[in-house]
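Visitor: Handing you a structure now.
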Amino acid sequence: MSSLPSGDKVTPWYKQFWPWFLIGILLSSIMFSITFAVMSVKSFDGMVVQEDYYKHGKAINMVLAKQDRARELNLSADLRLDPLTSDIVIDLSGDARPDRLYLDLIFPTEDDRDQSFVLEHVRDGRYITQGPDNLRYRWYLQIQPALENADWRLTGEATFPDENSVALLPGGRTESE
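The opening position of the sequence shown corresponds to residue 447 in the numbering used here, with each subsequent residue numbered one higher.
Below, the structure written as structure tokens:
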């Protein structure tokens, strides 16, 4: 005797909804996992593993010493980017007037977009150079009197395009500090 009623037909498993639904969930999770694995390998973010923490700590102390020296010299600067000519103009105030300044535009997330400029002293603490066209997004700014072994550094942050001047101060402190 059969335990099934005579009127009910049993459909095979491959014709039912739930096995295919569960198989679809498993296959989609495998597909997304493979896609994300390929994306993570192809879009390497450039992060470097720090192995020598002592040297890194000494470098941080050198940066802090440069900022302290800029404070001792009462240095501050205003940076403007002319939207028409793309000239970068820096007005430096304080007790130092080097012949040239070195400006680094540092992009926060992609180091291959970083840019460096040399600004020539024009008059009375004003420095000028030709900047890039269509500068956009947020940038960290650093100026110093020498490319290597500078004794002071001013830092700031700006979002371009911006017609207002950007303050560059020791340690990136703001005007209200």
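Every residue, glycine too, gets a C-beta built ideally from N, C-alpha and C.
To the nearest angstrom, report how far apart Glu556 and Tyr548 are at their CA atoms.
Guide: For the purposes of this step, residue 556 is taken as residue 110 along the sequence shown, with counting starting at 1. For the purposes of this step, residue 548 is taken as residue 102 along the sequence shown, with counting starting at 1. About 20 Å.
Visitor: Compare the beta carbon distance of Ser532 and Asp608 with 8 Å and say whether it is the shorter of the two.
Guide: Numbered from its first residue, the sequence shown carries residue 532 at position 86. Numbered from its first residue, the sequence shown carries residue 608 at position 162. Contact: no.
Visitor: In the DSSP assignment, what residue or residues form a beta bridge with Ile534?
Guide: Translated into the one-based positions of the sequence shown, residue 534 becomes position 88. DSSP output for Ile534 lists Leu527, Thr575 as bridge partner(s).
Visitor: Provide the residue(s) that pair with Trp585 in DSSP beta bridges, ordered along the chain.
Guide: As a working note, residue 585 is residue 139 in the sequence shown. Partner(s): Ala604.
Visitor: Name the DSSP beta bridge partners of Ala613, please?
Guide: Along the sequence shown, read from residue 1 onward, the residue named residue 613 stands at position 167. DSSP, once it has assigned bridges, lists Asp524 as partnering Ala613.
Visitor: Please say whether Arg572 and Gln588 have beta carbons closer to each other than 8 Å?
Guide: Position 142 of the sequence shown, counted from the start, is the residue given in the question as residue 588. Position 126 of the sequence shown, counted from the start, is the residue given in the question as residue 572. Going by C-beta atoms, Gln588 is not nearer than 8 Å to Arg572.
Visitor: Should the region 539-546 be called in touch with the region 508-523, which here means at least 3 C-beta pairs below 8 Å?
Guide: They touch, by the three-pair rule.
Visitor: From the DSSP output, in three-state form, read off Val456 for me.
Guide: Mapped onto the sequence shown, residue 456 falls at position 10. Here Val456 sits in coil by DSSP.
Visitor: Is Ile552 closer than 8 Å to Leu565 when the C-beta atoms are compared?
Guide: Along the sequence shown, read from residue 1 onward, the residue named residue 565 stands at position 119. Along the sequence shown, read from residue 1 onward, the residue named residue 552 stands at position 106. Going by C-beta atoms, Leu565 is not nearer than 8 Å to Ile552.
Visitor: Could you check where the alpha helix (DSSP H) with Leu468 kicks off and where it finishes?
Guide: Numbered from its first residue, the sequence shown carries residue 468 at position 22. Element bounds for Leu468: 463-488.
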